[in-house]
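Chemist: One structure is given below, represented as structure tokens, and several questions about it will come after.
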Amino acid sequence: MLTPAPIATLSPRPPFDFGLVRGYLGRSPLEPLDVVADGRYRRAVRLNGSPALLEVRSVGTVDAPALELRVLDPGADRGLLPLAERLLARCLRLDENPAGLDPIAAADPVFGALLARLRGVRQILMPSPFETLIWAILGQQINVAFAYKLKRTLVQRYGDAVDHEGRAYYFFPEPARLAAASPTELRTLQLSRQKAEYIIALSELEAADAIDWESLRAAPTPEAVASLATLRGVGRWTAEYVCMRGLGHRDVIPAADLGLRAAIGRAYGLDRTASEVEVRAIAEPWAGWRSHAAFCWWYSLAPGLTT
1 MLTPAPIATL SPRPPFDFGL VRGYLGRSPL EPLDVVADGR YRRAVRLNGS
51 PALLEVRSVG TVDAPALELR VLDPGADRGL LPLAERLLAR CLRLDENPAG
101 LDPIAAADPV FGALLARLRG VRQILMPSPF ETLIWAILGQ QINVAFAYKL
151 KRTLVQRYGD AVDHEGRAYY FFPEPARLAA ASPTELRTLQ LSRQKAEYII
201 ALSELEAADA IDWESLRAAP TPEAVASLAT LRGVGRWTAE YVCMRGLGHR
251 DVIPAADLGL RAAIGRAYGL DRTASEVEVR AIAEPWAGWR SHAAFCWWYS
301 LAPGLTT
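First residue of the sequence shown: 1, per this note's numbering; consecutive thereafter.
Structural data, given as structure tokens:
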């Protein structure tokens, strides 16, 4: 007999729109880890080393939000629900107070209009900084669609999976397994030689616990960016992205990102792609919320939503 799935109800600060969360996490049909279907979000994760399949659905409204969290098999009988609650609260920024954006929106009508369209949005973090780092390496200097293709093949080749209701749910590959891969193996997945070498080198560091993520999480953002940028294959864009989506730094914008530059250039009437310098200048008044702002501009690139 299957163990009944433990259930918790979480109450995000309003407004909170779980539909926007699902829309972002399910934006690519090639996404191998974040599974969105039937109004639910499922993700296989390891909680303190134990495998668990999480399921989240909304049982509230935008202005009275509530999320139902279940820990499905495996993990249903392992007391992992409190760990799952903490992970979800962090990744979906459930405690964030959106009212802090009100004066920024009032001072910047362009950004304010975007915030109004995305009422209830949150900046979404990835479950681990290591996963964020590898995803950022995969996405360097290529289009997003091809990055998702690389991610899918990497996850399906090196990640474990759990079957639930006839579907395989993948875990992000363990660092030791990626570290044991050869550059030749990774190149068969259409990775460049450099990216293959970067992924192996970074995975070796992670497998050896040589990256102090907690110190990076607690450090001032400029220091964390500078420290990450000393790693092989990590430049400023990658370091800022990892700080934003992996470590939860709230005031960093990866201004060299082509998508951000295109969205901001169009929205602010430049009639061209904004430069990195221009993005940083335009973003200066968003201080304190630049990570949230970057996420909103990325979201604005989704089909069907214009700025």
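Virtual Cβ for every residue (Gly too), placed ideally from N, Cα, C.
The model shown is predicted, which means the values in this text are computed figures rather than measured ones.
1) Measure the CB-CB distance between Val225 and Ala239 and report whether it falls below 8 Å.
2) Less than 8 Å separating the beta-carbons of Leu69 and Ala84?
3) Please report how far the alpha carbon of Asp163 lies from the alpha carbon of Val279, in whole angstroms.
4) Identify every residue that forms a DSSP beta bridge with Arg46.
5) Starting from Thr221, trace the alpha helix (DSSP H) in both directions and tell me its first and last residue.
6) Distance check for Thr273 and Thr306, CA to CA, integer angstroms please.
7) Are the CB atoms of Leu92 and Leu47 within a distance shorter than 8 Å?
8) Can you name, in chain order, every residue of its own chain whose Cβ lies under 6 Å from the Cβ of Met1, other than the five neighbours on each side?
9) Check whether the Cβ atoms of Phe172 and Leu30 sit closer than 8 Å, and answer yes or no.
10) Using beta-carbon positions only, say whether Gln140 and Phe295 come within less than 8 Å of one another.
11) Note down, in chain order, each residue of its chain lying with its Cβ closer than 7 Å to the Cβ of Pro175, except the 5 sequence neighbours on either side.
12) When the Cα of Gly246 is compared with those of Leu118, Asp102, Val59, Trp135, which residue comes out closest?
13) If contacts are defined as beta-carbon pairs under 8 Å, then Pro183 and Ala201 qualify, I think. What distance do you get, rounded to the angstrom?
14) Which word fits Phe146, buried or exposed, when buried means at least 16 other C-beta atoms lie within 10 angstroms of its C-beta?
15) Starting from His164, follow the beta strand (DSSP E) in both directions and report where the run begins and ends.
16) Quick check on Ile282: does DSSP put it in helix, strand or coil?
17) Tell me which same chain residues have a C-beta within less than 8 Å of the C-beta of Ser28, skipping the five on either side of it?
Modeler: Let's see:
1) Val225 places its beta carbon less than 8 Å from that of Ala239.
2) With contacts defined by Cβ atoms closer than 8 Å, Leu69 and Ala84 form a contacting pair.
3) Rounded to the nearest whole angstrom, the C-alpha separation of Asp163 and Val279 is 44 Å.
4) Among the bridge pairs identified by DSSP, Arg46 is matched with Pro51.
5) Following the DSSP letters along the chain, one finds Thr221 inside the alpha helix (DSSP H) bounded by residues 221 to 228.
6) Confidence at Thr306 is low in this model, with a pLDDT of 39, below 50, so its placement is unreliable and no value can be given for it.
7) No, the Cβ-Cβ distance between Leu47 and Leu92 is not below 8 Å.
8) Note on Met1: pLDDT 47, under 50, position unreliable in the model; no value is reported.
9) Result no, Cβ atoms of Phe172 and Leu30 do not sit closer than 8 Å.
10) For Gln140 and Phe295, no; Cβs fall outside 8 Å.
11) Excluding sequence neighbours, Pro175 sits near Phe130, Ser203, Glu206, Ala207.
12) In terms of Cα proximity to Gly246, the closest of Leu118, Asp102, Val59, Trp135 is Trp135.
13) Actually they are not in contact, since the Cβ atoms of Pro183 and Ala201 sit about 10 Å apart, beyond 8 Å.
14) Burial state of Phe146 is exposed, judged by a 10 Å Cβ sphere holding fewer than 16 other Cβ atoms.
15) Annotation: the continuous beta strand (DSSP E) that includes His164 extends over 161 to 164.
16) Residue state, collapsed to three classes: helix.
17) Here the set comprises Val144, Ala145, Tyr148.
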